[in-house]
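Here the working numbering = 1-based position in the sequence shown + 10.
This report concerns only the one structure given below.
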Amino acid sequence: MKFQEYDINPNIKRALDEMEIHTPTKIQERAIPMLLDGGRTHVLAQAKTGTGKTLAFSIPITNQISPKQKSVQAVVLVPTRELCKQVYSVIHKLTKYRQLKAVEVYGGVSIDRQRREIKAGAQIVIATPGRLMDLYRRKAISFSNVRFVVLDEADTMLDICLLYTSPI
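Have a look at this one:
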């Protein structure tokens, strides 16, 4: 099955064509229909690096959130700044014609710029845990309209958490 055959927004199909992505990988074939179904509340997917996990969750999310609602509807939590940038890049390309705004949120850069981008109506936030908590504590982000939460590389985040909280 090709992406053009999926029941997804034509603007997402157009973006996939521009990205020269036409055929889903194994993880995408299995995850996307489940996530598009809407009846699933929890999906756990595991696959090796480079197999297309980011698109496996990004396509259904960008297909189902509303461009008219100018508030955070999806949060993608990632363990590192590098992964945050990678996931943002994919989602930014995927939403090119969907009129959705994504923002990357991580430490080491101006939190004020990130606050402004969220306040300007970002629907998708890709974030590292520390910076997301900073924004939440400052009341710069609301989760009241969030419909989707992705824990990307959850095992790595758990390892990092245990590393920083374990007694030495």
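We put the CB at the ideal spot given by N, CA and C, even for glycine.
No experiment lies behind these values; they were computed from the predicted model shown.
Nearest-angstrom Cα separation, counted from residue j out to residue i
i	j	result
E92	Y16	30 Å
L26	D122	32 Å
Y12	T33	It should be noted that the sequence gives Lys, not Tyr, for residue 12. If I take the Cα positions, the gap works out to 5 Å.
Q79	A112	13 Å
T64	R126	26 Å
E163	P89	7 Å
Y116	L161	15 Å
G140	S154	20 Å
Q38	L110	22 Å
P43	T59	21 Å
First through last residue of the beta strand (DSSP E) which encompasses residue i
i	result
L87	A84 to L87
I136	I134 to A137
Y115	Rather than Tyr, the amino acid found at residue 115 in this sequence is Val. Start and end: A112 to V115.
Host alpha helix (DSSP H) of residue i (start-end)
i	result
L161	It is not in any alpha helix (DSSP H) - L161 instead sits in the beta strand (DSSP E) that spans F158 to L161.
H32	Looking at the DSSP string, H32 is not in any alpha helix (DSSP H), and its letter there is neither H nor E.
I128	I121 to K129
I69	K63 to Q74
A150	Element bounds for A150: n/a, residue is neither H nor E.
Proximity of residue i and residue j at Cβ, strictly below 9 Å
i	j	result
K106	E28	yes
V135	A66	no
V156	V82	yes
L104	Q74	no
Residue from the options with nearest C-alpha to residue i
i	options	result
R148	V97, D162, V86 and Q124	Q124
A150	K129, I18, R24 and Q83	K129
V119	D144, L110 and S68	D144
S99	S68, Q14, K78 and V156	S68
I101	G117, S81 and A132	A132
C94	G60, P70, T138 and K58	T138
P70	Q14, Y146 and A41	A41
Neighbourhood of residue i by C-beta, 8 Å cutoff - its chain only, sequence neighbours within 5 removed
i	result
R108	N19, N21, I22, A25, T72 and P77
L142	V85, L87, V115, V135 and I151
S176	Because the pLDDT at S176 is just 48, under 50, the model does not fix this residue reliably, and the point stays unresolved.
G62	P34, T35, I37 and Q38
Cβ shell of residue i (< 6 Å), same chain only, five flanking positions each side left out
i	result
V159	V85
Close beta carbons around residue i, own chain, < 7 Å, minus the five adjacent residues each side
i	result
Q14	K23
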